[in-house]
Amino acid sequence: MKADLDLVPVELTVVLGCARMPIYKLLRMGRGAIIELNASETDEVQILANNHPFAKGIVVVSGSRISVEITQLLKRPTVYTLQRVAAAA
8 MKADLDLVPV ELTVVLGCAR MPIYKLLRMG RGAIIELNAS ETDEVQILAN
58 NHPFAKGIVV VSGSRISVEI TQLLKRPTVY TLQRVAAAA
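Heads up, the sequence shown is in my numbering, so the first residue is 8 and it goes up one at a time.
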């Protein structure tokens, strides 16, 4: 069973910050454009697994390498199935 889990691909995404702008500004952007985020270098980052938040962390820069250190694992949301709801009723 564990060997099967080792084969499941997971896409990890680290969210450094976000920005809001009108679409016309986005369409005018070209190579080299800079998008200012609403975050600073010391803010926590959000870590997503397959687009679902699962942890928080901090950015660690070591030489030319950028990494993320996990500081907090988030609780998994409760998933309700028809069987679970029926059993509770």
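Glycine included, C-beta positions come from ideal geometry on N, C-alpha and C.
Here the structure is a predicted model, which is why all the values come from computation and not from measurement.
Between Thr85 and Leu55, the C-beta gap is not smaller than 7 Å, which leaves the two residues out of contact.
Scanning its chain for C-beta atoms nearer than 8 Å, with the 5 sequence neighbours on each side dropped, one finds around Ala26 the residues Ile42, Glu43, Leu44, Asn45, in chain order. Contact annotation: Ile73 and Gly64 have beta-carbon atoms that are not nearer than 7 Å. Under the DSSP definition of a beta bridge, Val52 partners with Gly64. The DSSP-derived three-state label of Arg83 is coil.
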